[in-house]
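To start, the structure itself, in structure tokens.
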Amino acid sequence: MSQHKITVTVNGEATTHEVDARTLLVHYIRENLDLTGTHIGCDTTSCGACTVLVDGQAIKSCTMFAVQADGRNVETIEGMAAGGDLHPLQEGFWEKHGLQCGYCTPGMILSAKHLLDKNPNPTEDEIRAGISGNLCRCTGYNKIVEAVLYAAEKLREEATA
Ligand code: FES
Ligand code: FES
Numbered sequence: 019m020s021q022h023k024i025t026v027t028v029n030g031e032a033t034t035h036e037v038d039a040r041t042l043l044v045h046y047i048r049e050n051l052d053l054t055g056t057h058i059g060c061d062t063t064s065c066g067a068c069t070v071l072v073d074g075q076a077i078k079s080c081t082m083f084a085v086q087a088d089g090r091n092v093e094t095i096e097g098m099a100a101g102g103d104l105h106p107l108q109e110g111f112w113e114k115h116g117l118q119c120g121y122c123t124p125g126m127i128l129s130a131k132h133l134l135d136k137n138p139n140p141t142e143d144e145i146r147a148g149i150s151g152n153l154c155r156c157t158g159y160n161k162i163v164e165a166v167l168y169a170a171e172k173l174r175e176e177a178t179a
């Protein structure tokens, strides 16, 4: 099996490991780095539970090889709370009851972060489009949309404070 040495910056820290060419990014994150907040729901690019940001783009990490992340920046749910303070998106999901079992939540939050980074003042329809690659089997999307609207407003307030 061919092994490749890769260096990936994950949540601001450089990580270097030998991986198989076939190792998926989601397995690298969960098994090599022990960052198990990135979930696997389907392994077939359908559910979005594995969503992370790669150089700021929301990527389903079950669909990308770890070697393709070599030299790039990856952000996972573990990188969202700066200094122990919840990110406004995390706070929004808490305040607006945007989760039940929580399985989809890390991927939802990363997709929403990608959206808000590009569009700080999205409409409800834009939020629904932004999270359309993420499936939730239990909460219902209205609460998730409310959570993202809450975060968008808070981030805009922080930006002008
Ligand atoms: S586990 Fe990657 S999309 Fe479902
Ligand atoms: S909160 Fe359970 S899958 Fe979304």
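Residue numbering for the sequence shown is 19 to 179, as defined by the working numbering.
Beta carbons are placed, not taken as given, at the ideal position from N, Cα and C, and that holds for glycine.
Asked: Secondary structure of residue 100, DSSP reduced to three states; Found: strand
Asked: Nearest candidate by alpha-carbon position, reference residue 25, set 87, 110 and 103; Found: 87
Asked: C-beta atoms of residue 90 and residue 72 nearer than 8 Å; Found: yes
Asked: Range of the contiguous alpha helix (DSSP H) that encloses residue 178; Found: 159-178
Asked: Ligand 2 heavy atom lying under 7 Å from the CB of residue 63; Found: no
Asked: Alpha-carbon to alpha-carbon, residue 57 and residue 122; Found: 8 Å
Asked: Distance cut-off 7 Å: residue 121 Cβ against heavy atoms of ligand 2; Found: yes
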